[in-house]
Structure formats: structure tokens, C-alpha cells
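In the working numbering, the protein residues as written are 6 to 146.
For every residue, glycine included, the Cβ atom is placed at its ideal position computed from N, Cα and C.
Below is one structure, written out as C-alpha cells; the observations come after it.
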Amino acid sequence: MIPTPGGQMAIDMTFPLWGLAIFIVWTIAVVILLLTVRIRHLAAGGSVKDFATPNDESLLWRLYRVQSNLVENLPLYLGVVFLLTVQAVSGTVVDVLIVVYIVFRIVHSLIHIAGLDPRFRLLCLVIQFGCLLTLTALAIF
């Protein structure tokens with residue numbers, strides 16, 4: 006912890022907190038991309054109804070699903086960061102797991118956006134959940 010100019014204590018930026026910042030920035034970037042694609046879709050005469058039409062061939066649908074998936078997974082990661090922070094758990098293992106989690110979170114999104122084989126997304130998801138489970142165990146025990 007470091008003192009702030011107002012005399013309050015601030016927590017140093019740790020790998021988990023940097024991971025959270027990257028997660029948030031990535032989510033915002035995907036939302037901006039989704040909005041751009043939606044605006045282009047509407048400008049080209051597309052319908053608003055197309056936004057909720059499941060179609061894995063559609064970039065619009067894939068971006069919508071990526072954005073939804075990021076929003077669904079953010080609370081899980083945020084909870085792990087909270088546990089690690091309040092328990093003051095840190096170290097090389099934590100740092101590596103955070104980096105692996107964030108990298109595979111972004112790769113998961115990119116695979117989905119590109120419309121690649123969903124088995125690759127599943128592999129990324131398994132790796133991410135393995136990281137979250139291990140980080141949770143480290144924070145609790």
C-alpha cells in the first residue's frame with residue numbers, strides 16, 4: 006500500500022489488478038467494435054432485428070456473443086482478484102496464472118470473432134477455468 010496525496014492508502018497495482026484493467030479495456034474495445042459493426046449494418050440498410058438473430062456466419066452475431074461472454078466472465082475474474090487482493094496472495098505462480106488467464110481470455114474472443122473452430126474456444130475456456138480454480142484455491146487455502 007502507498008499513501009495518496011489525500012492521506013488515504015492505495016493498493017499497489019498487482020498482476021491481478023493489471024489483469025483486471027486489461028480485461029476491462031478488452032471488453033470496451035469489443036463493445037466499440039460491436040457498435041461500429043452495428044452502425045455499419047444499419048447504415049447499409051440492415052434491420053435491428055438482425056442483432057438478436059443467431060447466425061454463426063454473421064460477424065454481428067459473433068461480436069454480440071463475444072461481448073456477452075466477456076460480461077458473463079468478468080464477475081468471475083473480479084471475484085478472484087478480490088480474494089487475492091484481500092488475502093494478500095501474490096507471487097510468481099499467481100502472476101503466471103493471471104497472464105495465462107488474460108491471454109487465453111483474449112484468444113478465446115479472437116477465435117470467436119474470426120469464426121474459427123469452436124473446439125479451440127472450448128480449449129481456451131478450459132484453460133481459463135483451470136486458472137480461475139487454481140487462483141481461487143491459492144486465495145482460500
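Can you list, in chain order, the residues of its chain whose CB lies under 8 Å from that of residue i, leaving out five sequence neighbours each side?
i: L81; result: L137
i: T90; result: I16, T19, P21 and L22
i: E62; result: G120
Taking Cβ positions, are residue i and residue j nearer each other than 8 Å?
i: A144; j: Q92; result: yes
i: L105; j: I132; result: A quick correction: the sequence has Val, not Leu, at residue 105. Yes, Cβ-Cβ distance for V105 and I132 is below 8 Å.
i: S114; j: L75; result: yes
What's the gap between the Cα of residue i and the Cα of residue j?
i: M18; j: F134; result: 23 Å
i: G50; j: T41; result: 14 Å
i: T2; j: V86; result: Coverage of the chain is limited to positions 6 through 146, which leaves residue 2 absent and any answer about it impossible.
i: I37; j: Q13; result: 35 Å
With a threshold of 7 Å (Cβ to nearest heavy atom), would residue i be considered close to the ligand FMN?
i: V76; result: Of the ligands one can find in the structure shown there are none, so the ligand FMN has no counterpart to examine.
If you drop the 5 nearest sequence neighbours on each side, which residues of the same chain put their C-beta closer than 7 Å to that of residue i?
i: D55; result: H46 and L65
i: L39; result: L68, Y69 and Q72
i: I107; result: G24, I27 and F28
i: I116; result: F125, R126 and C129
i: N60; result: W66
i: I118; result: R67, L68 and V71
Round the Cβ separation of residue i and residue j to the nearest angstrom and send it over; I've been treating them as touching at under 8 Å.
i: F35; j: L68; result: Checking the displayed sequence, the identity of residue 35 turns out to be Val instead of Phe. Rounded, the Cβ-Cβ distance is 7 Å, consistent with contact.
i: V112; j: C129; result: 5 Å
i: T32; j: L88; result: The Cβ separation is near 21 Å, so there is no contact.
In the DSSP assignment, find the unbroken alpha helix (DSSP H) run with residue i in it and report its ends.
i: N74; result: L64 to V91
i: A49; result: Premise fails: A49 is in no alpha helix (DSSP H) and is neither H nor E.
i: L138; result: P123 to I145
i: D100; result: T97 to A119
Identify, in the order they occur along the chain, each residue of the same chain with its Cβ nearer than 6 Å to the Cβ of residue i, setting aside the five sequence neighbours on each side.
i: V94; result: L143 and A144
i: I103; result: F20, P21 and G24
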